[in-house]
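**Q** When the letters of the sequence shown are read in order and numbered with the numbering used here, they come out as residues 440 to 596.
For every residue, glycine included, the Cβ atom is placed at its ideal position computed from N, Cα and C.
Input: one structure, supplied below.
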Amino acid sequence: MLLNNFFLLLVILTIVFYDVKSMLVMLLIVFFINLYKKNINIKNIKKLKYSIVFIIISFVFQLILNNYGEIFYSFYSINIYYQGIKFGFVTTIKILNLILISWIIDYEKILPNLISKYSKIVKIAINNVPYVFLLFKENKNPKKVFENLIKKIYKEL
């Protein structure tokens, strides 16, 4: 459970932080965890070749679209700013960090264990989607619709 909370904390910190140094520290932590678990292998690296195109495109977009701060380089009408370089690196580090965290979650099989607890509820809810549409079609109050759905799920459990 503590390990699950640690990875959840890493994901939240990856999303929240914009500081390059803290992002690099988190990337190194996750990278070394992957090395320790022997999770970095040829199969996972081959999967990265498609993600690298996405990472490069997002870096270039950050370079071009962030147009405030001090100009780093100017090429015709395209200006590259220091702030754009910083956000490009942060975005690249965030994407790599999330990929490495997903490798750990997949290796530890954390997500299937969490989902399996709620799979019965999800199946019941999916089976009752037509019922919800019928209630909405009858112009019932949305609060009443969801109350009826919860009662129906509770009865089937």
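1. Which residues share a DSSP beta bridge with I517?
2. Buried or exposed: where does N578 fall if 16 or more other Cβ atoms within 10 Å of its Cβ makes it buried?
3. What first and last residue would you give for the alpha helix (DSSP H) that runs through I484?
4. Does the segment 471–484 touch the segment 501–510, meaning 3 or more C-beta pairs lie closer than 8 angstroms?
5. Taking all protein chains shown into account, decide if I589 is buried (16 or more other Cβ within 10 angstroms of its Cβ) or exposed.
6. What's the gap between the Cα of G523 and the Cα of I472?
7. I468 to I538, Cα distance in whole Å?
8. Does the distance from the C-beta atom of S497 to that of I534 stay below 8 angstroms?
9. Rounded to a whole number of angstroms, what is the C-alpha to C-alpha distance between F511 and I517?
**A** Looking at the atomic coordinates:
1. Position 78 of the sequence shown holds residue 517. Beta-bridge partners of I517 (DSSP): F514.
2. Counting from 1 along the sequence shown, the entry for residue 578 is found at position 139. If you draw a 10 Å sphere on the C-beta of N578, you find fewer than 16 other C-beta atoms in it, and that means exposed.
3. Looking up residue 484 in the sequence shown gives position 45. Unbroken alpha helix (DSSP H) run through I484: I481 to L504.
4. Segments in contact, no.
5. Locating residue 589 in the sequence shown gives position 150, where the first residue counts as 1. Per the 10 Å Cβ criterion, exposed.
6. Position 84 of the sequence shown, counting from 1, holds the residue named residue 523. Position 33 of the sequence shown, counting from 1, holds the residue named residue 472. Between G523 and I472, the C-alpha separation is close to 30 angstroms.
7. Within the sequence shown, the letter at position 29 stands for residue 468. Within the sequence shown, the letter at position 99 stands for residue 538. For I468 and I538, the distance between alpha carbons rounds to 13 angstroms.
8. By one-based count along the sequence shown, residue 497 stands at place 58. By one-based count along the sequence shown, residue 534 stands at place 95. Taking 8 angstroms as the Cβ cut-off, S497 and I534 qualify as a contacting pair.
9. Start at 1 with the first residue of the sequence shown, and residue 511 comes out as number 72. Start at 1 with the first residue of the sequence shown, and residue 517 comes out as number 78. Cα to Cα, the separation comes out at about 11 angstroms.
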